[in-house]
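The block underneath contains the structure these notes are about, expressed in structure tokens.
Protein chains: 4
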Amino acid sequence: MVKKIDLNCDMGESFGPYTMGRDQEVLPYVTSVNLACGFHGGDPMVMAKTVKLAKKAKVNIGAHPGYHDLQGFGRRKITMAPDEVTALILYQLGALDGFLRREGERITHVKPHGALYNQAAVDAKLAWAVARAVRDFDDRAILVGLFGSALIKEGKRAGLDVAREAFLDRHYQKDGTLVPRSQPGAVLEDPEQAAARAVKMVGEGKVVSYEGQDLPLSCDTICIHGDTPQAVQMAKRVFQTLLKNDIRVRPMRANG
Amino acid sequence: MVKKIDLNCDMGESFGPYTMGRDQEVLPYVTSVNLACGFHGGDPMVMAKTVKLAKKAKVNIGAHPGYHDLQGFGRRKITMAPDEVTALILYQLGALDGFLRREGERITHVKPHGALYNQAAVDAKLAWAVARAVRDFDDRAILVGLFGSALIKEGKRAGLDVAREAFLDRHYQKDGTLVPRSQPGAVLEDPEQAAARAVKMVGEGKVVSYEGQDLPLSCDTICIHGDTPQAVQMAKRVFQTLLKNDIRVRPMRANG
Amino acid sequence: MVKKIDLNCDMGESFGPYTMGRDQEVLPYVTSVNLACGFHGGDPMVMAKTVKLAKKAKVNIGAHPGYHDLQGFGRRKITMAPDEVTALILYQLGALDGFLRREGERITHVKPHGALYNQAAVDAKLAWAVARAVRDFDDRAILVGLFGSALIKEGKRAGLDVAREAFLDRHYQKDGTLVPRSQPGAVLEDPEQAAARAVKMVGEGKVVSYEGQDLPLSCDTICIHGDTPQAVQMAKRVFQTLLKNDIRVRPMRANG
Amino acid sequence: MVKKIDLNCDMGESFGPYTMGRDQEVLPYVTSVNLACGFHGGDPMVMAKTVKLAKKAKVNIGAHPGYHDLQGFGRRKITMAPDEVTALILYQLGALDGFLRREGERITHVKPHGALYNQAAVDAKLAWAVARAVRDFDDRAILVGLFGSALIKEGKRAGLDVAREAFLDRHYQKDGTLVPRSQPGAVLEDPEQAAARAVKMVGEGKVVSYEGQDLPLSCDTICIHGDTPQAVQMAKRVFQTLLKNDIRVRPMRANG
Numbered sequence: 003m004v005k006k007i008d009l010n011c012d013m014g015e016s017f018g019p020y021t022m023g024r025d026q027e028v029l030p031y032v033t034s035v036n037l038a039c040g041f042h043g044g045d046p047m048v049m050a051k052t053v054k055l056a057k058k059a060k061v062n063i064g065a066h067p068g069y070h071d072l073q074g075f076g077r078r079k080i081t082m083a084p085d086e087v088t089a090l091i092l093y094q095l096g097a098l099d100g101f102l103r104r105e106g107e108r109i110t111h112v113k114p115h116g117a118l119y120n121q122a123a124v125d126a127k128l129a130w131a132v133a134r135a136v137r138d139f140d141d142r143a144i145l146v147g148l149f150g151s152a153l154i155k156e157g158k159r160a161g162l163d164v165a166r167e168a169f170l171d172r173h174y175q176k177d178g179t180l181v182p183r184s185q186p187g188a189v190l191e192d193p194e195q196a197a198a199r200a201v202k203m204v205g206e207g208k209v210v211s212y213e214g215q216d217l218p219l220s221c222d223t224i225c226i227h228g229d230t231p232q233a234v235q236m237a238k239r240v241f242q243t244l245l246k247n248d249i250r251v252r253p254m255r256a257n258g
Numbered sequence: 003m004v005k006k007i008d009l010n011c012d013m014g015e016s017f018g019p020y021t022m023g024r025d026q027e028v029l030p031y032v033t034s035v036n037l038a039c040g041f042h043g044g045d046p047m048v049m050a051k052t053v054k055l056a057k058k059a060k061v062n063i064g065a066h067p068g069y070h071d072l073q074g075f076g077r078r079k080i081t082m083a084p085d086e087v088t089a090l091i092l093y094q095l096g097a098l099d100g101f102l103r104r105e106g107e108r109i110t111h112v113k114p115h116g117a118l119y120n121q122a123a124v125d126a127k128l129a130w131a132v133a134r135a136v137r138d139f140d141d142r143a144i145l146v147g148l149f150g151s152a153l154i155k156e157g158k159r160a161g162l163d164v165a166r167e168a169f170l171d172r173h174y175q176k177d178g179t180l181v182p183r184s185q186p187g188a189v190l191e192d193p194e195q196a197a198a199r200a201v202k203m204v205g206e207g208k209v210v211s212y213e214g215q216d217l218p219l220s221c222d223t224i225c226i227h228g229d230t231p232q233a234v235q236m237a238k239r240v241f242q243t244l245l246k247n248d249i250r251v252r253p254m255r256a257n258g
Numbered sequence: 003m004v005k006k007i008d009l010n011c012d013m014g015e016s017f018g019p020y021t022m023g024r025d026q027e028v029l030p031y032v033t034s035v036n037l038a039c040g041f042h043g044g045d046p047m048v049m050a051k052t053v054k055l056a057k058k059a060k061v062n063i064g065a066h067p068g069y070h071d072l073q074g075f076g077r078r079k080i081t082m083a084p085d086e087v088t089a090l091i092l093y094q095l096g097a098l099d100g101f102l103r104r105e106g107e108r109i110t111h112v113k114p115h116g117a118l119y120n121q122a123a124v125d126a127k128l129a130w131a132v133a134r135a136v137r138d139f140d141d142r143a144i145l146v147g148l149f150g151s152a153l154i155k156e157g158k159r160a161g162l163d164v165a166r167e168a169f170l171d172r173h174y175q176k177d178g179t180l181v182p183r184s185q186p187g188a189v190l191e192d193p194e195q196a197a198a199r200a201v202k203m204v205g206e207g208k209v210v211s212y213e214g215q216d217l218p219l220s221c222d223t224i225c226i227h228g229d230t231p232q233a234v235q236m237a238k239r240v241f242q243t244l245l246k247n248d249i250r251v252r253p254m255r256a257n258g
Numbered sequence: 003m004v005k006k007i008d009l010n011c012d013m014g015e016s017f018g019p020y021t022m023g024r025d026q027e028v029l030p031y032v033t034s035v036n037l038a039c040g041f042h043g044g045d046p047m048v049m050a051k052t053v054k055l056a057k058k059a060k061v062n063i064g065a066h067p068g069y070h071d072l073q074g075f076g077r078r079k080i081t082m083a084p085d086e087v088t089a090l091i092l093y094q095l096g097a098l099d100g101f102l103r104r105e106g107e108r109i110t111h112v113k114p115h116g117a118l119y120n121q122a123a124v125d126a127k128l129a130w131a132v133a134r135a136v137r138d139f140d141d142r143a144i145l146v147g148l149f150g151s152a153l154i155k156e157g158k159r160a161g162l163d164v165a166r167e168a169f170l171d172r173h174y175q176k177d178g179t180l181v182p183r184s185q186p187g188a189v190l191e192d193p194e195q196a197a198a199r200a201v202k203m204v205g206e207g208k209v210v211s212y213e214g215q216d217l218p219l220s221c222d223t224i225c226i227h228g229d230t231p232q233a234v235q236m237a238k239r240v241f242q243t244l245l246k247n248d249i250r251v252r253p254m255r256a257n258g
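Residue numbers (this note's numbering), protein chains in the order written: chain A, 3 to 258; chain B, 3 to 258; chain C, 3 to 258; chain D, 3 to 258.
Spelled out as structure tokens, the structure:
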């Protein structure tokens with residue numbers, strides 16, 4: 003059977019005069035992009051521009067909503083009630099959709115950002131608050147969450163198609179959660195190593211943990227970071243290595 | 003022929019712990035509401051709540067986008083390029099729509115707020131930037147602008163249905179523009195006087211200017227303010243006085 | 003021996019067009035005010051105005067710094083590193099001082115706001131981050147914290163004068179922490195009951211807990227809320243009842 | 003007589019995860035830095051760090067207050083009343099001072115940013131609002147403004163020491179104002195040309211205008227930009243060329 007995988011990248015995270023990520027250079031090597039919606043990054047002009055860029059590249063265009071915290075780039079937890087989280091997501095999905103409908107596009111998938119993503123991986127109530135927002139906005143949208151996470155579980159419970167995500171350049175702990183960025187060696191920087199991990203993930207359904215053991219891991223999409231110094235090189239190498247190993251790189255689709 | 007008019011009110015302008023306007027009390031006396039979209043007022047929770055409130059009241063639900071300036075309540079001019087203004091509007095229309103689609107509703111009309119409204123009344127380029135955003139978002143939406151304004155003109159040019167707005171509690175200058183709030187007597191506070199003005203506006207197509215002369219004025223909708231001390235009393239009095247004068251109060255509709 | 007106490011109130015929490023608190027009416031009944039610094043409430047114009055108001059009333063003028071979260075009014079926890087918290091506080095103390103020095107005044111005391119206050123009551127690292135900021139800004143400033151809290155302890159360790167605060171209108175749990183606002187009955191609304199609590203706190207050094215038992219409690223200052231419907235009546239009643247019971251109401255001072 | 007000049011650079015304009023300017027690399031070639039205060043750029047952590055950096059480099063540390071507009075980087079005009087502008091400035095000066103006093107430093111000078119700088123160059127009321135804020139904050143601080151501007155005039159009227167600023171890499175119009183950035187050729191990018199302009203400015207008191215004529219120009223400080231691709235090279239070249247031409251580069255001082 004032909005193996006296949008989606009490669010996704012967070013984009014549109016620049017803000018006003020500030021540039022973040024090498025969106026244009028990474029685009030050729032990914033099949034789905036997750037666009038910031040103005041709360042942890044992105045602004046209306048950045049969103050307008052990035053939507054056009056993504057449309058031209060013919061990739062899936064998804065939303066990447068986060069906490070309203072530009073200074074912390076959405077990486078700081080903010081305690082919010084489930085209803086507040088649902089409203090937070092609906093607002094951002096709608097805002098992004100404002101630019102997509104102008105281009106005749108719609109939000110294909112939703113991937114929460116930063117602290118919201120991490121909390122929704124382990125907190126079922128929060129995960130439900132997110133899943134409910136996506137379902138109420140457009141039940142055709144795919145919900146992207148960490149493989150094995152509460153978000154994937156609650157997404158299914160909400161009747162949504164889900165995409166299980168894996169990380170190339172972040173280490174996994176034994177329990178399948180990510181090693182926090184603050185820990186040494188949490189982030190992998192070698193494109194070669196990342197590419198080999200990608201092949202193993204898709205080909206064998208496994209990843210080597212921080213502690214050195216094989217962990218089972220099923221994924222529908224792999225995250226490519228666009229804001230690191232080695233981003234472009236890594237994206238290219240992963241993309242090419244997957245192809246060389248007869249793994250098809252194609253956009254995630256509802257129902258697989 | 004039966005005379006008819008729409009009464010509109012800006013709502014959902016509270017923010018976090020801060021309350022603005024007596025939305026619930028004014029609702030019975032208006033037929034269209036313009037909801038703040040989080041930039042000059044409103045936040046996702048306020049928007050979620052106000053959309054539900056408005057739906058229950060069976061009024062037209064429109065968007066009230068403004069400059070991104072909570073401290074200045076969108077009343078301070080910010081110099082922005084036309085493309086920036088278009089993106090500003092698209093973002094806010096989308097954000098509001100996020101809550102409306104959950105309720106099976108859509109944005110019936112768009113009325114810019116504060117400084118944006120005033121500038122779009124006289125600046126054709128800015129007016130076009132606004133009209134274009136509304137058209138690109140949903141060309142069924144009605145664009146609301148000051149009677150005689152550039153916004154009405156550009157809205158028509160964009161192929162949109164427009165609603166010409168009149169103000170009960172703001173004085174008009176000879177040229178048909180509003181007397182700035184900073185000027186003494188710019189704002190009328192007497193419900194009786196306001197109600198009489200409404201009847202004259204709809205019945206005779208005239209308003210008495212600041213300088214005391216009759217000005218011709220055609221309007222499809224009249225603005226009722228919800229954030230003044232006398233807001234509820236004024237709304238009620240205007241509503242009742244119109245009915246008493248055989249003027250039908252009904253929601254604005256596309257194509258009149 | 004003459005008993006004495008300081009009454010403090012959070013003020014200057016309005017923002018732009020939004021009013022919060024009945025500052026002017028509560029002022030006659032308090033001896034210290036804690037002014038919001040623009041992050042959870044307050045803006046430069048509100049700060050300028052409230053500083054003038056407080057100076058005229060001849061009360062202690064302190065800072066009331068909080069998390070940068072206007073929508074959540076600083077009541078939501080935001081995970082921040084200690085260095086980030088220290089910088090957060092220094093910024094806000096400085097900003098308030100900008101207005102005080104114009105009036106020939108200085109910050110007499112610092113009381114963290116909302117979630118920051120509550121976290122600094124139980125988290126020693128956060129408490130130290132706050133205390134260090136106050137000391138580095140001006141070591142003559144008094145640090146205000148919950149009686150028995152980590153903040154009081156770390157403030158002393160930083161070499162600061164501290165003021166132990168008690169709450170009239172919030173219930174205490176057995177362990178001396180406040181019952182969360184979300185719990186029923188957490189907030190007391192009866193001015194009579196509040197006044198009696200104040201007399202018992204200062205006179206006997208005790209408070210009746212949520213569970214109904216006497217808790218020992220020593221306080222240098224009692225918090226009067228200014229943003230509730232009964233705020234003015236409660237402030238007045240507490241003030242008068244204290245006087246009637248021969249308790250002197252006077253501003254907190256360094257070294258008692 | 004020995005010619006001398008101050009070289010100043012705007013710094014600390016990064017924000018959260020976003021980097022702006024090559025502060026550390028430009029520092030060796032300037033004698034005064036103007037630090038963003040959190041409104042158009044900068045955040046408490048950036049400010050804390052940049053103050054330490056500047057102190058270590060033994061340069062003048064000044065404030066660079068701007069409009070509260072991160073997205074527009076303070077380059078968009080916002081209509082504000084004079085009292086609002088004064089409060090805006092006081093807040094930002096105070097906030098920066100919070101970090102300086104920790105290091106035993108004080109604000110040596112104040113240079114408004116972006117649209118505020120440009121408006122204060124031509125609008126006497128706004129210029130006075132700025133000058134008054136600086137005087138009320140600390141009348142020892144030097145006010146930096148465009149040579150020939152209203153800001154310089156109002157600064158003197160407020161009793162402040164002033165520093166007349168010249169721009170190397172921005173073209174001048176016949177009337178002495180800067181060619182708007184939006185115009186082609188408004189910004190000079192050649193370090194060689196910039197260095198030659200600096201020598202001519204200080205040595206001859208002249209600059210060649212956009213239209214090609216010699217304009218008289220007296221300056222106490224020259225602005226070095228730190229956020230362009232050629233920033234470091236230009237700073238270095240200007241610094242070295244001035245020295246080679248026997249012009250002393252030293253920090254601006256009150257009373258010349």
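Ideal Cβ positions, reconstructed from N, Cα and C, are used throughout, including at glycine. If you're wondering where the values come from, they're calculated on a predicted model, not measured in any experiment.
Item                                                                                                                : Value
Host alpha helix (DSSP H) of Asn120(D) (start-end)                                                                  : Gly116 to Val124
Residue-chain proximity (Arg250(C), chain A), Cβ-Cβ < 8 angstroms                                                   : no
6 angstroms Cβ shell around His12(D) - same chain, five flanking residues per side excluded                         : One detail in the question is off: residue 12(D) reads as Asp in this sequence, not His. Result list for Asp12(D): Asn36 and His66, in chain order.
Whole-number beta carbon distance between His42(C) and Gly116(C), since they are thought to touch under 8 angstroms : 6 angstroms
Nearest-angstrom Cβ-Cβ length linking Tyr93(A) and Ala97(B), presumed shorter than 8 angstroms                      : 5 angstroms
Chain-ordered chain D contacts of Pro253(A) [CB-CB under 9 angstroms]                                               : By Cβ distance, chain D contributes nothing, its closest Cβ being about 28 angstroms from Pro253(A), past 9 angstroms.
Burial state of Thr81(C) (16 or more Cβ within 10 Å)                                                                : exposed
Neighbour flag for Gly74(A) against chain D, beta carbons, 8 angstroms                                              : yes
Beta-carbon proximity of Val146(B) to Lys113(B), cut-off 8 angstroms                                                : yes
Residues near Val32(B) in its chain [Cβ-Cβ closer than 7 angstroms; skip 5 each side]                               : Leu9, Asn10, Cys11, Val61, Ile226 and Ala237
Beta-carbon spacing of Ser34(B), Met254(B) below 8 angstroms                                                        : yes
Interface flag, Phe17(D) vs chain A, CB-CB below 8 angstroms                                                        : yes
Delimiting residues of the alpha helix (DSSP H) encompassing Glu86(C)                                               : Pro84 to Arg104
Closest by C-alpha distance to Glu167(D), when choosing among Leu55(D), Ile91(D) and Ser220(D)                      : Ser220(D)
Min CB distance Arg24(D) to chain C below 8 angstroms                                                               : no
For Gly228(C) and Ser184(C), the rounded distance between their alpha carbons                                       : 19 angstroms
Three-way DSSP call (helix, strand, coil) for Gly187(A) in this model                                               : coil
Distance, Gly161(B) Cα to Leu55(A) Cα                                                                               : 28 angstroms
Delimiting residues of the alpha helix (DSSP H) encompassing Leu244(D)                                              : Ala233 to Lys246
Buried versus exposed, by CB contacts within 10 Å (16 or more), Gly258(A)                                           : With a pLDDT of only 49 at Gly258(A), under 50, the local geometry of the prediction cannot be trusted, and no value is derived from it.
Buried or exposed by the 16-neighbour rule on C-beta atoms within 10 Å, applied to Arg250(B)                        : exposed
Chain-ordered chain D contacts of Met47(C) [CB-CB under 8 angstroms]                                                : Asp85, Glu86 and Ala89
Secondary structure of Asp8(D), DSSP reduced to three states                                                        : strand
Alpha carbon of Lys176(D) to alpha carbon of Gly214(D), nearest angstrom                                            : 9 angstroms
Cβ-Cβ separation, Leu217(B) to Gly178(B) (assumed contact under 8 angstroms), whole Å                               : 6 angstroms
For Met22(A) and Thr52(A), the rounded distance between their alpha carbons                                         : 12 angstroms
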